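Report on the structure given below.
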Amino acid sequence: LLGLFESTINLESSDKGSNFFFDISFKLDIRGITDNISEIESNYDLTGLKVLVTEDNPINILLLKKILAKWNIEPVFARNGQEAIETLEGKEFDVILMDI
Numbered sequence: 001l002l003g004l005f006e007s008t009i010n011l012e013s014s015d016k017g018s019n020f021f022f023d024i025s026f027k028l029d030i031r032g033i034t035d036n037i038s039e040i041e042s043n044y045d046l047t048g049l050k051v052l053v054t055e056d057n058p059i060n061i062l063l064l065k066k067i068l069a070k071w072n073i074e075p076v077f078a079r080n081g082q083e084a085i086e087t088l089e090g091k092e093f094d095v096i097l098m099d100i
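Quick note on the numbering used here: the sequence shown kicks off at 1 and runs consecutively.
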């Protein structure tokens with residue numbers, strides 16, 4: 001099965017057991033995802049809303065930028081909690097979006 005994805009299985013062994021692992025690379029086609037974003041509408045004027053987004057996944061960042069742009073929001077992105085805390089110092093935000 002791994003051969004179909006041009007991948008190989010790797011092995012690390014020690015006295016306490018073995019670890020088997022592999023990497024598979026996929027190309028993500030987000031055209032269908034981003035096409036649906038055009039359907040998103042808001043009855044509220046959110047222009048100027050200050051939003052801090054803590055997100056480390058590049059795909060999620062891309063999607064959030066597109067979604068928030070539909071509402072005229074230009075978010076500030078932090079890649080992790082520490083960066084979010086540093087960004088908060090001396091700045092005010094109306095909304096903070098982050099996962100746990």
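For each residue, glycine too, the CB sits at the ideal point set by N, CA and C.
Computed from a predicted structure; not experimentally measured.
Chain-order list of residues whose beta-carbon lies under 7 Å from that of residue i (same chain, five-residue window excluded)
| i | result |
| --- | --- |
| Val95 | Leu49, Val51 |
| Asn72 | Leu46, Thr47 |
| Thr87 | Leu52, Val76, Ala78 |
Cutoff 8 Å; reference residue i; Cβ partners in own chain excluding five residues on either side
| i | result |
| --- | --- |
| Asn10 | Phe20, Phe21, Phe22 |
Candidates the options, of which the one nearest residue i by Cα
| i | options | result |
| --- | --- | --- |
| Glu74 | Leu46, Gln82, Lys91, Ile59 | Leu46 |
Residue i, enclosing alpha helix (DSSP H) - first and last residue
| i | result |
| --- | --- |
| Glu105 | This structure leaves residue 105 out entirely; the chain is present only between 1 and 100. |
| Leu97 | From DSSP, Leu97 is part of no alpha helix (DSSP H) but of the beta strand (DSSP E) over 95–98. |
| Leu52 | From DSSP, Leu52 is part of no alpha helix (DSSP H) but of the beta strand (DSSP E) over 51–54. |
| Ile59 | 58–70 |
Per DSSP, the bridge partner or partners of residue i
| i | result |
| --- | --- |
| Ser14 | Gly17 |
Cut-off 6 Å between Cβ atoms - residues of its own chain near residue i, not counting five sequence neighbours on either side
| i | result |
| --- | --- |
| Leu97 | Val53 |
| Ile24 | Phe5, Ser7 |
Range of the contiguous beta strand (DSSP E) that encloses residue i
| i | result |
| --- | --- |
| Phe77 | 76–78 |
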